[in-house]
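As given, the protein sequences belong to chains A and B, one line each in that order.
Okay, so the first sequence: first residue is 6 according to our numbering, each after it adds one.
Okay, so the second sequence: first residue is 6 according to our numbering, each after it adds one.
Note that CB positions come from ideal geometry on N, CA and C, so glycine has one too.
Structure first, commentary second.
Protein chains: 2
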Amino acid sequence: MATPETTTEVPQDFEALKAVILERKAQLPKRLKQVAAYSLDNPDEIAFGTAASIATSADVQPSTLVRFAQHFGFEGFSSLQQIFRARLRERTPGYEDRLKALSENEHSKLESGSIFNGFVAAAHRSLDNIATSVDPEAFERAVDILAKAETIYLIAKRRSYPISSYMAYAFGKLRVKYQLVGTAAGIDDDMLAMAGKNDAAFAVSFSPYASESAAQARLLAERKVPVVSLTDSAFSPLAESSKVWFELVEADHAGFRSLSASMAFAMALTVAIAEKRHRLIDEAKAE
Amino acid sequence: MATPETTTEVPQDFEALKAVILERKAQLPKRLKQVAAYSLDNPDEIAFGTAASIATSADVQPSTLVRFAQHFGFEGFSSLQQIFRARLRERTPGYEDRLKALSENEHSKLESGSIFNGFVAAAHRSLDNIATSVDPEAFERAVDILAKAETIYLIAKRRSYPISSYMAYAFGKLRVKYQLVGTAAGIDDDMLAMAGKNDAAFAVSFSPYASESAAQARLLAERKVPVVSLTDSAFSPLAESSKVWFELVEADHAGFRSLSASMAFAMALTVAIAEKRHRLIDEAKAE
DNA sequence: GTCAATATGGAATTTTCATTCTATCAGTTC
DNA sequence: GAACTGATAGAATGAAAATTCCATATTGAC
Chain A
6 MATPETTTEV PQDFEALKAV ILERKAQLPK RLKQVAAYSL DNPDEIAFGT
56 AASIATSADV QPSTLVRFAQ HFGFEGFSSL QQIFRARLRE RTPGYEDRLK
106 ALSENEHSKL ESGSIFNGFV AAAHRSLDNI ATSVDPEAFE RAVDILAKAE
156 TIYLIAKRRS YPISSYMAYA FGKLRVKYQL VGTAAGIDDD MLAMAGKNDA
206 AFAVSFSPYA SESAAQARLL AERKVPVVSL TDSAFSPLAE SSKVWFELVE
256 ADHAGFRSLS ASMAFAMALT VAIAEKRHRL IDEAKAE
Chain B
6 MATPETTTEV PQDFEALKAV ILERKAQLPK RLKQVAAYSL DNPDEIAFGT
56 AASIATSADV QPSTLVRFAQ HFGFEGFSSL QQIFRARLRE RTPGYEDRLK
106 ALSENEHSKL ESGSIFNGFV AAAHRSLDNI ATSVDPEAFE RAVDILAKAE
156 TIYLIAKRRS YPISSYMAYA FGKLRVKYQL VGTAAGIDDD MLAMAGKNDA
206 AFAVSFSPYA SESAAQARLL AERKVPVVSL TDSAFSPLAE SSKVWFELVE
256 ADHAGFRSLS ASMAFAMALT VAIAEKRHRL IDEAKAE
């Protein structure tokens, strides 16, 4: 066995590993130094390649990779590779620090505090995802469709309802005509019956999908009312009825999904629509 | 060999693959549909896992994964997996630049994009604040008061309404008795008239304060109904009627304040209450 | 209600891959 | 300049993983 008592600890994350490698790089033998340089220059290769393929492109023997890993206290090459893989899974740099900060704050001392921290962390994660998962051009198209609509119909049930109730509030403030569908059952369909092709709808539904929302969206789509939708999976029944749809996966804590990303999205959409609409009105006046 | 001449082309990148999967998802048999959903919902798992581990967590057989891959023209599971791996490689070459990327990302090229980025950034800022501005002990007390209540009255108007409408939804799921006050004007006061000192209320109000909310909170406080409140200033009229109150300043973009922090707070409070309540019930039963 | 076609589960097989072992080589010390 | 220490290459080994195959189950058509 190499070390019965571990003198230096085995790095557990990429940053730590990087630090150790840099620290000892100078004293490393030739081939190991070569591997060290390669691993820091091509971390993605290490993450995905096989020992053989990496060995070839780093111009060493596979066994050298194993020795390299063992040199830094890992059991073998595979366990070192895990570090490189984990690095790709954790998305943003800020996120790590935030989590660490959360786990060290006062809340973690108290029981309910961990629940509190959990939801804050989930919200952060959700927001980190949103920028990459929303296509800017689709967003632009959505704004366009909704800005041109006479009346915007907001469709949402259950968990999605807070989203559209916020939009309703904001539209009210911004003097954009809207109809909130989903409050009292029964009158919904009468409301939707008034929607024509000069109007548009925005539907929000997360799994488990409320069948009514999907049905209402379909109804509107059949009547040539353009539908924009927000959902959490490409498999949502909403997608097929929509001209533009967004997939937004919210992170969760203890099974309760965050609404932060959806909320931020809704706010952005609302304000963008209002802005575009006012511009359209101004342009119309100018002529 | 399966197809000497490729009738439909094999997707070469993640986006193409996603498109093909979505296109054919309806005609897919049960298990393959299951894999389709799993793969699009957990792309990272597919990238890193082994066929066996993925199969377990998607609840199918390893062979089903191979069949799935072949169904879309790949030689086997491994070549499909390459697509998922490539997706991770191409994403953001430099993680350090990630935060900067938000201000320089694709969104900012388009007009509506800057609005979008602005709201995401505001939400992040809000969440960063929340941990320091909420006192863990006060949170614990709030949970205690509300967990002991028979019925929880949720008071909110306008901008705060989405917050409590989420809580209402969650309380419903969690089997906690509640009354949402603020929907239709007029009947509110009748509802509140039924509140007794075994109940409790949670009020949310941000400036400009809805005078009704403050009045209703005062009314309840006079009748010895404990009130917990969430607001954005120590000067809020809600504060004086409340046993416990929280000050939560949301960051804003273009004058529109985020709701992310309040939302995260509401979720944490809701779940903490439900948990504590169930514990109290269990303890009562045990005696 | 029966048959055919297709889908599925699970074991068997084959391939691939990490690791270990041994011979060789280079550098260092006495 | 010989003997020793440590590094390296390359083949051998054994484990693990992907894939294939076959029996069974399910679905849909007639």
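(Q) Using beta carbons (cut-off 8 Å, strictly below), is H129(A) in contact with chain B? (A) Chain B contact via Cβ: present.
Q) Could you give the residue range of the beta strand (DSSP E) that holds Q184(A)? A) Here the beta strand (DSSP E) through Q184(A) covers Y183 to V186.
Q. Can you give the Cα-Cα distance for Q75(A) and G81(A), rounded to whole angstroms?
A. Their Cα atoms are separated by approximately 6 Å.
**Q.** For E292(A), the residue or residues it bridges with in DSSP
**A.** The partner list for E292(A) (beta bridge, DSSP) is empty, contrary to what the question assumes.
Q. Rounded to a whole number of angstroms, what is the C-alpha to C-alpha distance between A256(B) and E50(B)?
A. For A256(B) and E50(B), the distance between alpha carbons rounds to 35 Å.
Q. Name the DSSP bridge partner or partners of F207(A)?
A. In the DSSP output, where bridge partners are listed per residue, F207(A) has L159(A) and V233(A).
Q. On the three-state DSSP scale, how would you describe D194(B)?
A. In the structure shown, the three-state DSSP call for D194(B) is helix.
Q) Taking DSSP as the reference, what is the three-state secondary structure of D257(B)? A) When DSSP states are grouped into helix, strand and coil, D257(B) belongs to the strand group.
(Q) Taking 8 Å as the threshold (C-beta atoms), are L253(B) and I135(B) in contact? (A) It is a contact, given that the beta carbons lie within the stated cut-off.
Q: Excluding the 5 residues preceding and the 5 following N203(A) in the sequence, name in chain order all residues of the same chain whose CB lies nearer than 6 Å to its CB.
A: Excluding sequence neighbours, N203(A) sits near E155.
Q.
If contact is defined by three or more beta carbon pairs under 8 Å, each pair taking one atom from either stretch, is the stretch 137-144 of chain A in contact with the stretch 154-168 of chain A?
A. Because the criterion of three Cβ pairs below 8 Å is not met, the stretch 154-168 of chain A and the stretch 137-144 of chain A do not touch.
Q. Where does R347(A) sit, in a helix, a strand or coil, going by DSSP?
A. What the structure shows of chain A is the stretch from 6 to 292, and residue 347(A) is not part of that stretch, so it cannot be assessed.
Q | Three-state secondary structure assigned by DSSP to V276(A) | A | It is helical.
Q.
As a quick exercise: from S44(A), K229(A) and S165(A), pick the residue whose alpha carbon is nearest that of F19(A).
A. The candidate whose alpha carbon is nearest that of F19(A) is S44(A).
Q) To which residues of the same chain is F124(B) closer than 8 Å at the C-beta, ignoring the five residues directly before and after it? A) Only H258, F261 and S263 meet the Cβ criterion.
Q) Roughly how many whole angstroms lie between the Cα atoms of V209(A) and Y166(A)? A) Separation of V209(A) and Y166(A) (C-alpha to C-alpha, rounded to the nearest whole angstrom) is 8 Å.
Q | Chain-order list of residues whose beta-carbon lies under 7 Å from that of A57(B) (same chain, five-residue window excluded) | A | Within the same chain, A57(B) has close Cβ partners P67.
Q | For F251(A), the residue or residues it bridges with in DSSP | A | The partner list for F251(A) (beta bridge, DSSP) reads L235(A).
Q | Sequence-distant residues of its chain with Cβ nearer than 6 Å to I88(B) (five each side left out) | A | So the qualifying residues of the chain are F19 and L22.
Q.
For L104(B), which residues in the same chain have their Cβ closer than 6 Å to its Cβ, ignoring the five residues on either side in sequence?
A. Bear in mind that the predicted position of L104(B) carries a pLDDT of just 36, short of 50, making it too unreliable to give a figure here.
**Q.** R163(B): contacting residues in chain A (beta-carbon distance under 8 Å)
**A.** By Cβ distance, chain A contributes Y174.
Q. Which class does N47(B) belong to by DSSP, given the choice of helix, strand or coil?
A. Here DSSP, grouped into helix, strand and coil, assigns N47(B) to coil.
Q) Around the Cβ of A239(B), are there at least 16 other Cβ atoms within 10 angstroms (buried) or fewer (exposed)? A) Exposed, because fewer than 16 other Cβ atoms sit within 10 Å of the Cβ of A239(B).
Q) Between S131(A) and the rest of its own chain, which residues show a CB-CB distance below 6 Å, the 5 nearest in sequence each way excluded? A) Excluding sequence neighbours, S131(A) sits near E255, A256, S263, S265 and A266.
Q: Would you mind reading off the limits of the alpha helix (DSSP H) that contains S84(A)?
A: First-last of the alpha helix (DSSP H) with S84(A): F82 to R94.
Q. Roughly how many angstroms lie between the CA atoms of D140(A) and A269(A), to the nearest whole one?
A. In a straight line, the C-alpha of D140(A) is about 15 Å away from that of A269(A).
(Q) Within 8 Å of any Cβ in chain A, is that where the Cβ of V254(B) sits? (A) Chain A contact via Cβ: absent.
Q: Take V186(A) and list the residues in its own chain whose beta-carbon comes closer than 7 Å to its own, dropping the five residues that flank it on each side.
A: Residues Y158, L159, I160, D193, M196, L197 and Q221 of the same chain have their beta carbon placed closer than 7 Å to that of V186(A), with the five preceding and five following residues left out of the count.
(Q) With distance defined between alpha-carbon atoms, name the residue in A41(A), K248(A), T236(A) and A219(A) nearest to A205(A). (A) For the residues A41(A), K248(A), T236(A) and A219(A), the minimum Cα distance to A205(A) belongs to K248(A).
Q.
Using beta carbons (cut-off 8 Å, strictly below), is V125(A) in contact with chain B?
A. Residue contact check for V125(A) against chain B: a CB pair falls below 8 Å.
(Q) Mapping the DSSP letters down to three states, classify F77(B) as helix, strand or coil. (A) In the three-state reduction of the DSSP assignment, F77(B) falls in the coil class, being assigned neither a helical nor a strand state.
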